[in-house]
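Q: After the structure tokens below, expect a handful of questions from me.
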Amino acid sequence: MTSYALLTCAPMFALLAWAAVSDCASRRIPNWLTYTLILGGLIHSLIAGPTVGLSGALLGMLVGFALTFVFFAVGAMGGGDVKLLTGVGAWLGPWGVLLVFVIEALVGMAQAVVQAASQKRLGAVLRNSAVLAGGIASGAGDIGVSTLPEPGADGKAMKQVLPYSVPVLVATALVFALRWGKP
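Rendered as structure tokens:
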């Protein structure tokens with residue numbers, strides 16, 4: 033990994049780590065942190081040797097926002113999560129943030145499976161996922177949460193919300209290492 037690339041992107045990693053700690057502790061990402069991440073990415077795009085130029089940073093912000101806003105609109109994630117990926121887009125550009133989104137989805141899926149297993153709800157999660165997938169594959173437009181089988185005898189849902197920022201941090205580190213970590 034080039035020292036210069038790592039040094040210039042250190043603020044991004046510091047802010048993402050701070051977001052992960054905050055998200056795990058309180059399930060919230062402070063606005064000052066996400067706005068600093070976005071502004072830092074834009075400033076970074078103007079310095080010598082950035083990961084992306086200004087146009088790439090702006091397009092990356094748009095892609096990061098668009099990828100997550102749909103999930104925010106349906107209540108699947110919070111506004112801080114949307115701003116977090118928008119900030120990553122400012123640092124890594126459109127292709128970088130798209131890769132982060134795909135990798136973090138896989139990391140998040142693994143995180144959800146581990147959480148479900150630790151709460152002894154893995155069977156219910158897999159069963160509900162199969163019902164949803166079957167409904168989508170068959171073209172049933174009316175499949176929804178009300179048609180899912182009960183998660184267990186007690187009927188309780190998963191006990192915790194997954195912190196989105198942890199998979200984003202892991203995915204960003206992987207994408208950065210793969211794309212900009214070459215000497």
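In terms of our numbering, the sequence shown is residues 33 to 215.
We treat Cβ as the ideally placed atom computed from N, Cα and C, and that holds for glycine.
I'd like to know if the stretch 53 to 62 and the stretch 86 to 102 are in contact, where contact means that at least 3 CB-CB pairs between them fall below 8 Å.
A: In short, these stretches do not touch, since the Cβ pair count stays below three.
Q: Hey, Ser-120 and Val-132 are a contact pair by Cβ (cut 8 Å); roughly how many whole angstroms apart?
A: A small correction: the amino acid at residue 120 is Val; Ser does not occupy that position in the sequence shown. Contact holds; Cβ gap of about 6 Å.
Q: From Ala-149 to Ala-51, what does the alpha carbon distance come to, in whole angstroms?
A: 25 Å
Q: If you measure between the beta carbons of Leu-117 and Val-129, is that distance less than 8 Å?
A: yes
Q: For Thr-34, which of Leu-71, Gly-81, Ile-70 and Ser-77 has the nearest alpha-carbon?
A: Gly-81
Q: Going by beta carbon distance, what residues of the same chain come within less than 8 Å of Phe-104, once the five residues before and after it are set aside?
A: Gly-110, Gly-111, Asp-113 and Val-114
Q: Check the C-beta distance from Leu-91 over to Pro-126 and give it rounded, since I have them as a contact under 8 Å.
A: 5 Å
Q: Threshold first: 3 residues or longer. Then list the beta strand (DSSP E) segments lying entirely within the stretch 101 to 129, N to C.
A: none
Q: For Tyr-36, does the three-state DSSP call read helix, strand or coil?
A: helix
Q: Go ahead and pull the three-state DSSP assignment for Ile-61.
A: coil
Q: Have a look at Arg-211, Trp-123, Ala-144 and Val-163 and flag the residue whose alpha-carbon is nearest the alpha-carbon of Tyr-196.
A: Ala-144
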